[in-house]
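Comments concern the structure below.
Numbering (the numbering used here), first residue to last: 173 to 329.
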């Protein structure tokens, strides 16, 4: 039987994923940073290798935020989180989720004549830690389930 504290923690880890992806979509460095521990590692390597790029893990938080806001922040992007599953061991959570992410060149996402895009369905595997009242990502691995479009969109080309 699930108790109320587990349900509250589950909602909080989902909020952490939403802060992470909303920070990307809105180009909001502070919101993105709020989802990460200071020593966070974000490993996009498995997703990027699947579409032909070698990408090293990003760490710590300042590097993650700078790199991702610089790369994704300017794009017209939208990330949708689903299928969130979490297990808790005290103040540590292991979280699995899907993130569907659509990317367009800046200012073109709402133009119906624009067909060049990068659409990804990624699997997120995260270790999160409780930080006071919030949960934060300490390690996030992103693996690609499928891809549609132009991978060069993700490199700003």
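Glycine included, every Cβ here is placed at the ideal spot set by N, Cα and C.
In the three-state reduction of the DSSP assignment, residue 261 falls in the strand class. Assigned with DSSP and collapsed to three states, residue 177 falls in helix. For the pair residue 312 and residue 284, the Cα-to-Cα distance works out to about 33 Å.
Shown here for residue 259: same chain residues with a beta carbon closer than 6 Å to its own, the five before and five after excluded, namely 266 in chain order. DSSP places residue 285 outside any beta strand (DSSP E), giving it a letter other than H or E. DSSP places residue 300 in the uninterrupted beta strand (DSSP E) bounded by 290-303. Taking each of 315, 177, 239 in turn and checking the Cα distance to residue 298, the smallest one comes out for 315.
By alpha-carbon distance to residue 190, the top candidate from 295, 204, 243 is 204. Under the three-state reduction of DSSP, residue 245 is assigned to coil, being neither helix nor strand. Per DSSP, reduced to three states, the secondary structure at residue 324 is helical. Residue burial is scored here from C-beta neighbours: residue 240 has at least 16 other C-beta atoms within 10 angstroms and is therefore classed as buried.
Under DSSP, residue 316 takes part in a beta bridge, and its partners are 294.
Of all alpha-carbon atoms in 304, 294, 306, the one lying nearest the alpha-carbon of residue 217 is that of 294.
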